[in-house]
Amino acid sequence: MSVSSAKSQHPIRSTRSERLLVLGSLLLVIAILSIVAFLLIRERANAELSAARAANNIVQLIDADVLRNVELYDVSLLGLIAASQREDLKSVSPAIRHLAYFDRATAAPYKGNILLLDNKGDVIADSASVEPRQGNYADREFFQSHVDNPDPGMFISPPFRARSPEQDWRISFSRRVNGPHGEFLGVAEAAMRLSYFDQLFNSLNIGRDSTVNLISKDGTLLAQQPQLAEELIGKNFSHRPNFQRIVKEGNGSFTSLSSRYQEKRLYTFSKVGNLPLIVIVALSSDEVFAAWKRTAVVVSFATIALCVSLLWLTWLLCRELRRRQSAEHELAQLAATDPLTGLANRRSLDQALHHEWFRAQRSGLPLSVLMIDVDHFKAYNDRHGHQGGDDALRWVAKVISTHVRRPADLVARYGGEEFSVILAETDSVGAQQIADTIRAAVEQLPLVGDDASPITVSIGISTWTTASDISLEQLLYRADKALYQAKESGRNRVVAAD
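Positions in the sequence shown are counted from 1; adding 97 to them yields my numbering.
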């Protein structure tokens with residue numbers, strides 16, 4: 098087999114260094130992507146935590162302000178009840194009695210009127226005037242809640258429209274007035290305008306698409322900022338899963354899908370002291386993670402660009418390594434190939450012969466060597482010139498290669514017009530058959546011009562077996578000696594060494 102055919106059957110494979118380079122680049126890309134992903138996930142968690150802390154600060158601020166003002170209302174109610182039960186005030190003038198009843202009510206901001214009602218709901222004292230207004234509030238929810246409930250604790254009503262000309266939204270704080278034996282004597286009630294919460298919530302910067310809500314413990318919405326729809330005020334949300342969770346936990350923060358807006362929101366909430374009020378700050382997830390998303394997009398694109406560049410540079414380097422390997426392979430082929438015939442040269446022959454010799458020594462299988470010489474080549478070269486002689490050598494080389502096809506065999510140009518064939522695992526009989534076939538095929542080469550003499554070859558054969566006690570040098574010497582015997586015997590024949 099020629100060196101050129103061996104090259105076609107053994108494509109260039111990636112070197113170990115190339116595989117390590119590709120593996121290292123892939124591992125580096127995976128490491129970069131993993132680190133960036135970890136950092137982005139951590140930053141997202143930090144963004145959510147920072148938003149929850151900011152929302153919690155807002156909640157605590159609202160809690161403190163609402164609790165302080167509600168306590169002011171409660172102080173006014175307790176003062177009114179205490180004053181109404183003093184016997185000495187019943188004999189004083191209405192103006193002095195009015196001052197005694199409502200002296201604690203002046204500090205309450207956004208207050209409506211403070212009323213003292215009897216057990217039938219009629220007004221018996223009014224903070225708006227010394228002479229009480231004419232009216233009955235027995236139908237109001239706050240009044241009905243105290244009639245059958247002996248608990249003197251404060252009751253916070255759902256939002257309602259005031260009967261005043263403004264018709265503004267209000268909520269009332271009320272307490273039951275009990276007699277000495279716990280009997281129902283009436284109700285002390287103070288109203289607060291919900292515009293107080295609008296003013297309080299407007300002073301807070303909670304971001305776009307987010308809301309601040311004040312809800313009673315039974316689920317009634319008391320105030321909201323921004324007020325998305327007026328009809329929501331007074332609506333009950335106790336059936337909503339998110340509100341049920343808020344009531345159950347009391348204080349905390351969580352992210353959930355808003356059933357109203359169908360988007361994720363960060364809910365931070367807290368109960369207002371011991372009051373039946375809950376403050377809820379609902380931050381839009383888009384608002385919470387807006388800055389993080391912008392950073393994530395920039396970092397992701399930069400990371401992808403870095404990884405793609407790294408892989409592209411790795412590909413370029415691998416391509417350059419393959420080119421270098423290909424060039425080295427070509428140089429090795431050129432160094433091992435006879436440039437005229439394309440067969441293996443003398444150097445390749447010596448390497449292959451040593452390799453097959455040691456392999457035959459290990460396996461015990463026979464090894465045969467053919468020495469082939471073109472007959473009368475000098476005369477042929479003189480007749481047809483150097484170009485004709487070169488063509489003849491190429492023809493002979495092609496014939497020999499055609500009849501030596503096994504991968505382990507090798508056809509080489511030994512020098513000048515002489516060729517050599519290594520036949521691995523071939524005994525003398527097999528070598529004889531191949532040699533006869535080559536000799537006959539060369540003789541059948543077409544004649545050149547008017548040359549009446551065909552091209553012929555003489556072949557010498559030498560075979561090593563386990564029964565032979567010869568060295569590699571002796572094997573070559575015997576093949577060469579057999580070749581000369583073939584020439585001396587008349588040429589165009591095959592001779593096997595004894």
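Ideal placement from N, C-alpha and C gives every residue a C-beta, glycine not left out.
Note on geometry: alpha-carbon atoms of Ala509 and Phe516 lie some 6 angstroms from one another. Annotation note: the stretch 360–401 contains the following uninterrupted beta strand (DSSP E) runs of length 3 or greater, listed N- to C-terminal: 361–368, 374–381. In terms of Cβ geometry, Ala285 and Leu363 do not form a close pair [threshold 7 angstroms]. In this structure, Phe270 and Met251 form a Cβ contact; the two beta carbons are roughly 6 angstroms apart against a cut-off of 8 angstroms.
Here Phe135 is exposed: its Cβ has fewer than 16 other Cβ atoms, across all protein chains shown, within 10 Å. If you check the CB distance, Val156 and Val369 do not come in under 7 angstroms. With a 10 Å radius around the Cβ and a threshold of 16 neighbouring Cβ atoms, Leu490 comes out buried. Here Met468 has Ser517, Gly557, Ala576, Asp577, Leu580 as same chain residues with Cβ atoms under 6 angstroms from its own Cβ, once five neighbours each way along the sequence are excluded. DSSP lists Ala521, Trp561 as the beta-bridge partner residues of Leu464. For Ala285, the enclosing beta strand (DSSP E) stretches over residues 281–290. In the three-state reduction of the DSSP assignment, Glu453 falls in the helix class. By the criterion of a C-beta distance shorter than 7 angstroms, Leu544 is surrounded in its chain by Pro551, once the five residues flanking it on both sides are discounted.
The Cβ atoms of Trp454 and Leu542 do not sit closer than 7 angstroms to each other. Listed as beta-bridge partners of Ser350 by DSSP are Thr365. With fewer than 16 other beta carbons inside 10 angstroms of its own, His278 counts as exposed. DSSP assignment within the stretch 216–250 yields the following whole alpha helix (DSSP H) runs of 4 residues or more, N-terminal first: 238–244.
Apart from sequence neighbours up to five positions away, the residues of its chain that approach Asn348 with a beta-carbon distance below 8 angstroms are Phe366, Ser367, Lys368, ordered along the chain.
Between the alpha carbons of Asn589 and Val554 lies a distance of about 5 angstroms. The stretch 337–344 and the stretch 391–398 do not touch, with fewer than 3 CB-CB distances between them shorter than 8 angstroms.
Residue pairing by DSSP places Trp266 opposite Arg258 in a beta bridge. With 16 or more other Cβ atoms from the protein chains shown falling within 10 Å of its own Cβ, Arg536 counts as buried. With 16 or more other Cβ atoms inside 10 Å of its own Cβ, Thr438 counts as buried. The straight-line gap separating the alpha-carbon atoms of Thr562 and Gly587 is approximately 29 angstroms. The alpha-carbon separation between Ala148 and Val189 amounts to approximately 58 angstroms.
In the three-state scheme derived from DSSP, where H, G and I count as helix and E and B as strand, Val554 is classed as strand. For Thr308, the enclosing beta strand (DSSP E) begins and ends at 308–313. Nearest C-alpha to Val493 among Cys415, Leu572, Thr534: Thr534. Between Ala433 and Ser445, the C-beta gap is smaller than 7 angstroms, which places the two residues in contact. For Arg272, the beta-bridge partners assigned by DSSP are Ala285. In this structure, the alpha-carbon of Glu417 lies about 10 angstroms from that of Leu410.
Counted as a single uninterrupted DSSP element, the alpha helix (DSSP H) harbouring Gly176 occupies residues 113–181. Linking Phe351 to Asn210 through their CA atoms gives a straight-line distance of about 39 angstroms. Annotated as proximal: Trp389 and Ala144, with beta-carbon spacing under 7 angstroms. Three or more Cβ pairs drawn from the stretch 287–299 and the stretch 310–325 lie within less than 8 angstroms of each other, which places the two stretches in contact. Scanning Phe474, Lys495, Val496, Ile497 for the CA closest to the CA of Gly486 turns up Phe474. Distance from the Cα of Leu196 is smallest, within the candidate group Glu228, Val167, Asn166, for Glu228.
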